[in-house]
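Worksheet for the structure shown next.
Residue numbers (the working numbering): 222 to 393.
Okay, here's the thing in structure tokens:
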């Protein structure tokens, strides 16, 4: 975010974002690089939305409805909430199995598609609240039985188990 501050980067910095606020949550160096490139392409459009007159007008209207004393601070909180949700949602939605074939590291090495699916699921799992992760893991034996999953031993390294836990946690 801070290397070459674009207009979007400057705006996000004014809202209080720094590099450390949007860390990658994956373990793969190649995937981290891919995620960084994706963020650089995606952030300008997200910032465009939160700077739009329509977004600001709606946020101001909500501030008045909630009788907020500081409308500007409320608008900025709304912007931050939107940006956080957009980053999380767009990364999780965009990085799908079909993209794995086109993903390469900067040196041209392909990124393993199966590993990518696992990392995407692990990323979604790690973004759950600690209590949601605990509940999902505690219910994993039940999820294995009810979902008729192939591997009968609970295993966080199994993408099928991760997918079942993420789905369970999101329904709660």
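Just so you know, even glycine gets a beta-carbon here, dropped at the ideal spot from N, CA and C. Predicted model only: the values in this text are computed from it and were never measured.
What number of angstroms, rounded off, separates the C-alpha of residue i from the C-alpha of residue j?
| i | j | result |
| --- | --- | --- |
| residue 301 | residue 374 | 41 Å |
| residue 269 | residue 370 | 43 Å |
| residue 267 | residue 344 | 21 Å |
| residue 380 | residue 295 | 40 Å |
| residue 356 | residue 376 | 15 Å |
| residue 367 | residue 340 | 24 Å |
| residue 230 | residue 393 | 35 Å |
| residue 382 | residue 351 | 17 Å |
| residue 290 | residue 257 | 37 Å |
| residue 354 | residue 282 | 36 Å |
| residue 274 | residue 363 | 49 Å |
| residue 265 | residue 338 | 26 Å |
| residue 234 | residue 284 | 23 Å |
Is the Cβ-Cβ distance between residue i and residue j less than 8 Å?
| i | j | result |
| --- | --- | --- |
| residue 262 | residue 309 | no |
| residue 299 | residue 278 | no |
| residue 293 | residue 232 | no |
| residue 297 | residue 236 | yes |
| residue 387 | residue 358 | no |
Between which two residues does the alpha helix (DSSP H) harbouring residue i extend?
| i | result |
| --- | --- |
| residue 231 | 228-235 |
| residue 350 | No alpha helix (DSSP H) contains residue 350, which DSSP labels as neither H nor E. |
| residue 367 | 361-368 |
| residue 283 | 274-286 |
Would you identify the three-state DSSP class for residue i, choosing helix, strand or coil?
| i | result |
| --- | --- |
| residue 266 | helix |
| residue 305 | helix |
| residue 392 | helix |
| residue 371 | coil |
| residue 340 | helix |
| residue 238 | coil |
| residue 376 | coil |
For residue i, is the beta carbon positioned less than 7 Å from some heavy atom of the ligand ATP?
| i | result |
| --- | --- |
| residue 276 | The ligand ATP is not part of the structure shown, which contains no ligands of any sort. |
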